[in-house]
Every structure is written in structure tokens, then in C-alpha cells.
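Visitor: The following block contains the structure, expressed as C-alpha cells.
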Amino acid sequence: MRLQLCSIAAAVALALATSVQAQQQTEPKRTVRADGQPDRPAATNRKVKDAEEERIEADAKAAKAKCDAMQGNAKDVCMAEAKGKEKVAKAELDAKNAKNPERAQRKVLEAKADAEYNVAKERCDDQKGDAKDACQKEAKAKHQRAKADIKAKEARAEQRSAATGNTRPAPSK
């Protein structure tokens, strides 16, 4: 009887040890990317990005559908806002998953500047004559200032990286 109990205990211990060892071998290693985010398999990243893109497109479609009830220039302004939000959201999604975050962030800033400019141009269409011309000039000037600010910010970043000895290539357009 005692021998049977010892044999059963040994068999249970061996089974438990084997299952623990198998668990340790099959458990995936968790790694962390350079930006501190957990590294996920490419298939998971792709599925998450696809789901986000679908959500962005659904939001844009809903925003454009709201514009259908409007008429005239109000509809044009609404459509410009919806398209701008969609482009900015897509640029931000790309920036979240980018290998070159500096370039991606620049694209986000450019998308925001372009969206604001397009909306401002549409709003100017409500005006007539000299007021419309002045409005369009102001919208264009704001857009050009925003673009210049983006370039200046990029130049400062390049200077900082050069000063710290970072030899990463400058982001291209």
C-alpha cells in the first residue's frame, strides 16, 4: 500500500513538473520597443491598424452624411471639415505606427495645417468682393506661417540632434 502511494505521488509530481516546464517553453517572450511600448507580433499590429482605419472611415462617412442635410456653402464647409478630420486622423494613426516618428509627426502637422486652410477657404466663400479677397489672403498667410513653423521646428530638432551627436539622417519630405 505504501509503495502504491509513493508511486502515485511520484507520478503526480512528475506530471506537474512536466506541465510547468511545457508552460514555460510555450509562453511567448515579451519584448519592449525603443519607445517603451510592448512589442506585438506584426499580425496583431496589422489587425489593430486595420480596425482603426475602418473606425476612421466610418466616422468620416457619418460626418459627411451629416453634411448632406445642409445646403450651399455651409455644406461645403462641413464637407471640408469632415475631410480634414479624416486626413488628420489617418496621419495620426500612421504616426502611431511609424518607424520614423519625426517624419510622421511632421505629416500630422502638415495635415492639420492643410485641413485648417481648406476649411478657411470654404468659409471665405460666404463673403463677397474685397472682404472675400482679404479673407482668402489671410487664410493663405496663416497656412504659409503654419508650414514655416513646421519647417522651423524640424530645423531646431536637427540642430538639437547634431548638438547631442545623434547621427540619424534628417527626415525627408
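Read in order, the letters of the sequence shown are residues 599 to 771 in my numbering.
Think of the CB as a built atom: it goes at the ideal place given N, C-alpha and C, for glycine as much as any other residue.
Just how far apart, CA to CA, sit Ala753 and Lys662?
Guide: Each residue's alpha carbon lies about 37 Å from the other.
Visitor: Does the contact criterion of 3 or more C-beta pairs under 8 Å hold for the stretch 680-691 versus the stretch 732-752?
Guide: No, the stretch 680-691 is not in contact with the stretch 732-752.
Visitor: Go through its chain and collect everything with a Cβ distance to Ala696's Cβ below 6 Å, but skip five positions before and after it.
Guide: Hits under 6 Å: Ala702.
Visitor: Identify whether Thr762 lies in helix, strand or coil by the three-state DSSP scheme.
Guide: Three-state DSSP puts Thr762 in coil, outside helix and strand.
Visitor: Note down, in chain order, each residue of its chain lying with its Cβ closer than 7 Å to the Cβ of Lys710, except the 5 sequence neighbours on either side.
Guide: Answer for Lys710: Val686, listed in chain order.
Visitor: Using a Cβ-Cβ cut-off of 7 Å (strictly less than) and excluding sequence neighbours within five positions of Val675, which residues of its own chain qualify?
Guide: So the list reads Val717, Glu720, Arg721, once near-sequence residues are dropped.
Visitor: So, is Gly727 buried or exposed, given that buried needs 16 or more other C-beta atoms within 10 angstroms?
Guide: So Gly727 counts as exposed.
Visitor: So what does DSSP say about Lys664, is it helix, strand or coil?
Guide: In the structure shown, Lys664 sits in a helix (DSSP, three-state: H, G or I).
Visitor: Could you pull out every residue in the same chain whose Cβ sits closer than 7 Å to the Cβ of Glu650, ignoring the five residues on either side in sequence?
Guide: Leu691.
Visitor: Taking buried to mean at least 16 other C-beta atoms within 10 Å of its own C-beta, is Arg644 buried or exposed?
Guide: It counts as exposed.
Visitor: Classify Lys705: buried if its beta carbon has 16 or more other beta carbons within 10 angstroms, exposed otherwise.
Guide: It counts as buried.
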